[in-house]
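Residue numbers (the working numbering), protein chains in the order written: chain A, 52 to 335; chain B, 20 to 274.
Note that beta-carbon positions come from the ideal geometry of N, C-alpha and C, so glycine has one too.
Predicted model, so just to flag it, every value in this text is computed and none were measured.
Report on the following structure.
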C-alpha cells in the first residue's frame, strides 16, 4: 500500500544507488532494497525519461538525493545557479534525505567531475560551515555531509577528520553520512586504524551509511593504495567494519553504491541482501 | 623550523591538469613524504571520468574515429574545455567546433555537424515535457485561417542543417543494416513523441519553414520563406512530420 508519509524518512534498511537500467526490475520486485539514492546532477534536466522515472520511483520508495557537484569545500563562493537547481529538485521531489560531500570539485568556474581533497584547518572549517549554512538555508532542510576517501594528506591540516566533521556538524546542525568503505580506503592509504576512526566518529549524527567497492593499486614505495571506484562488490573487511559500526550506532539506512561497470540487478540486490543480514544482527 | 606549505585550489588544479608538473608541495603521504603517485589518482580520476563522459555523449563520433583516437581527442578537449557546470549530461558543447579546428581531421569535414546532431539529440532527451495538440485541431481551420496561424513547438524540437549526410551517418553507425550514407546535404528534424528523440530527414526547405515558425512566423509567412528557398517545398509533408512527432503544442490563430 502506498503511503506518502512513510517516505519522509530513510528506513534503517538497505538502499541502492539507482541506475536507469534497473528501472523495470525495481518496479516489479525490489527484493531487499527498501529505498533509493540518486545523484542530484543527473536529474537536473527539464523533463523526459529521467524525470518521469524519478517521479514514478518516488511514489513507491523513500528517496535520497546525493549531490556530487556543489563543491562545498571550494575556495570560491557556491554556484548560485547550482544552488537554485538543488532547491528546485529538493522542493518538487521532497526526498527523505539530502546529502553532499566534504570535498570540492569546482575552481574558477571549471567543474572537474571528481571529489577533490581538503586540508583540515580553521580556515577551511569556517568556509565549509558558511557554505553549509547557505545550502541548508536555500533548500530549507538539514543536510548530511559525507566523509571522503583520502589518497594523501595535507601538511597544513591541524584537525583529525572525525573531529573536523563533528565540529562542522556542531556549528551548522548538519547530519553526517558515514561512508564505511571510504574509512577503510583512507585508513589503508594513510595507515591509521579504521576502528579507531569509527570510535572517534560522532555516530549519533549519522543519518546514512554508504558501502561500495574499491580498486587496489600501489604508491611509489610499493605500499597499498586503495582507490574508491564504486565498480565492484564490497570487500569482506569493509563488511566487518560495517558490523563494527552498527554495533555502536544501532541500525541505520545502509546504501550500496555501484556506479561503474554497473552489474545486473540480481548482483546489486545480493549486496543489499547482505546489508539486510548485517542490519538484522543489530539490536534496535 | 620550516614553514608548512599550504596548497591553494588554483595550484592543485594547475598541477592536476598538467601531468608535466610535480604534485604541489604540502601534499604528502602518511610519513610526510611527497605525495607522488597518490596525487596522480586525482589526475587519473578527472581525465578518465571526463573521457568517459565524452564517449557517452558522442558515441557516433567515437565509432567514426575509433576508441584510441577518441580517447586522445577527449584528453585534449577536456584540458581546453573543462566542464563549466556540474551538469555532465550537457558536457561537450564546444566539441563540434573543436573537431572542425583540428588540422589532422580536416579531411573528415562531416565530424562537426555529426557531433552537433549528437548534442541536439541529448538536449532533446532532457528537454521539458509538452502535450501535443490533437491533429484534428489543424483540420478544423479554413485554409485562410491556417495560413494566419502560428504554431508553438515542443521544447524537444531541434532543426539542423548540414552540407553533409549527417542523418545517414548517424543511422549507419547506430542501426544494424542501415544503408551506407550517400554524399549529400541533409537537414534533420528531431522530435520526441514520448521519451526517445527521433531524428528524421527534412524535405527540401523544410528546415527553413520550421525555423521561421520557431521565430514566430505564421504558417503562411513561413511558407513564403520556404518557397523562396525551394519552389518544390512540400508543406503537407513537413507539417505531417511535426504532427507525427507530437511536436506541435499549441495553435495561435488570432493573427
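Taking Cβ positions only, does residue i come closer than 8 Å to chain B?
i             : result
residue 170/A : yes
residue 282/A : no
residue 55/A  : Low local confidence applies: a pLDDT of 47 at residue 55/A is under 50, so the model's placement there is unreliable, with the coordinate-based value given in what follows. By this cut-off, residue 55/A is not an interface position.
residue 212/A : no
residue 314/A : no
residue 326/A : no
residue 69/A  : no
residue 237/A : no
residue 164/A : yes
residue 153/A : no
residue 77/A  : no
residue 264/A : no
residue 115/A : no
residue 278/A : yes
residue 270/A : yes
residue 176/A : no
residue 308/A : no
residue 142/A : no
residue 160/A : yes
residue 167/A : yes
Any Cβ of chain A within less than 8 Å of the Cβ of residue i?
i             : result
residue 25/B  : yes
residue 170/B : no
residue 230/B : no
residue 47/B  : yes
residue 268/B : no
residue 69/B  : yes
residue 74/B  : no
residue 32/B  : yes
residue 87/B  : no
residue 113/B : no
residue 51/B  : yes
residue 28/B  : yes
residue 129/B : no
residue 214/B : yes
residue 262/B : no
Let me confirm a value: residue i is counted as buried when at least 16 other C-beta atoms fall within 10 Å, else exposed. Which label applies?
i             : result
residue 322/A : buried
residue 143/A : exposed
residue 223/A : buried
residue 259/A : buried
residue 125/A : buried
residue 95/B  : exposed
residue 71/A  : exposed
residue 168/B : buried
residue 139/A : exposed
residue 264/A : buried
residue 173/A : exposed
residue 134/B : buried
residue 58/A  : buried
residue 99/A  : buried
residue 279/A : buried
residue 261/A : buried
Assuming residue i contacts residue j under a Cβ cut-off of 8 Å, what Cβ separation, rounded to an integer in Å, is found between them?
i             : j             : result
residue 91/A  : residue 137/A : 6 Å
residue 173/B : residue 268/B : 5 Å
residue 203/A : residue 58/B  : 6 Å
Does the beta-carbon of residue i, which I'm using as the reference point, lie nearer than 7 Å to any heavy atom of the ligand ATP?
i             : result
residue 238/B : The model on display carries no ligand, and the ligand ATP is accordingly not part of it.
Run through chain E and tell me which residues come within less than 8 Å of residue i, C-beta to C-beta.
i            : result
residue 83/A : Absent from the structure: chain E. Protein chains present are A and B.
Give me the subset of the segment 134-161 of chain B whose CB atoms are less than 7 Å from a CB atom of chain A, sorted by chain position. 144, 145, 146, 147 and 148
Select from the segment 96-110 of chain B all residues with a C-beta closer than 7 Å to any C-beta belonging to chain A, and list them in chain order. 101, 102, 103, 104, 105, 106, 107 and 108
Give the residues from the segment 168-193 of chain B that approach chain A closer than 9 Å (Cβ to any Cβ), ordered along the chain. 174 and 175
With three or more C-beta pairs closer than 8 Å as the rule, is the segment 41-53 of chain B touching the segment 69-85 of chain B? no
Could you name the residues of the segment 191-209 of chain A whose beta carbon sits closer than 7 Å to any beta carbon of chain B, in the order they occur along the chain? 202, 203, 204, 205, 206 and 207
Would the segment 117-126 of chain A count as touching the segment 171-185 of chain A if we require 3 or more Cβ pairs under 8 Å? yes
Taking 8 Å as the cut-off, does the segment 228-247 of chain B touch the segment 116-136 of chain B (at least 3 CB pairs, one atom from each stretch)? no
Does the structure place the segment 222-242 of chain A close enough to the segment 155-168 of chain A that three or more beta carbon pairs sit under 8 Å? no
Is it true that the segment 313-327 of chain A meets the segment 271-280 of chain A, where meeting means three or more beta-carbon pairs spaced less than 8 Å apart? no
Do the segment 215-228 of chain B and the segment 257-264 of chain B make contact, defined as three or more Cβ pairs closer than 8 Å? yes
Assess, as a yes-or-no matter, whether the segment 152-168 of chain B is touched by the segment 99-106 of chain B under the definition of 3 or more beta carbon pairs within less than 8 Å. no
Using a Cβ-Cβ cutoff of 8 Å, what residues of the segment 86-112 of chain A are near chain B? List them in chain order. 92, 93, 95, 96, 97, 98, 99, 100, 101, 102 and 103
Residues of the segment 227-258 of chain B with Cβ closer than 7 Å to any Cβ of chain A, in chain order: none
Under 7 Å, CB to CB, which of the residues in the segment 52-64 of chain B have a partner in chain A? 54, 55, 56, 57, 58, 60, 61 and 64
So, do the segment 100-114 of chain A and the segment 155-162 of chain A have three or more beta carbon pairs nearer to each other than 8 Å? no
I'd like to know if the segment 202-216 of chain B and the segment 183-190 of chain B are in contact, where contact means that at least 3 CB-CB pairs between them fall below 8 Å. yes
Does the segment 210-229 of chain A come within contact of the segment 32-50 of chain B, defined as at least 3 CB pairs closer than 8 Å? no
Listed from N- to C-terminal order along the chain, which residues in the segment 241-264 of chain A have their beta-carbon within a distance smaller than 9 Å of any beta-carbon of chain B? 241, 242 and 243
When the Cβ atoms of the segment 285-296 of chain A are set against those of the segment 23-37 of chain B, are three or more pairs found closer than 8 Å? no
Using a Cβ-Cβ cut-off of less than 9 Å, list which residues of the segment 118-147 of chain A approach chain B; keep chain order. 118, 119, 120, 121, 122, 124, 125, 126, 127, 130, 132, 133 and 136
Does the segment 296-313 of chain A come into contact with the segment 322-335 of chain A, if we say contact requires no fewer than three beta-carbon pairs (one atom in each stretch) closer than 8 Å? yes
Give a yes or no on contact between the segment 245-258 of chain A and the segment 202-214 of chain A, applying the rule of three or more CB pairs nearer than 8 Å. yes
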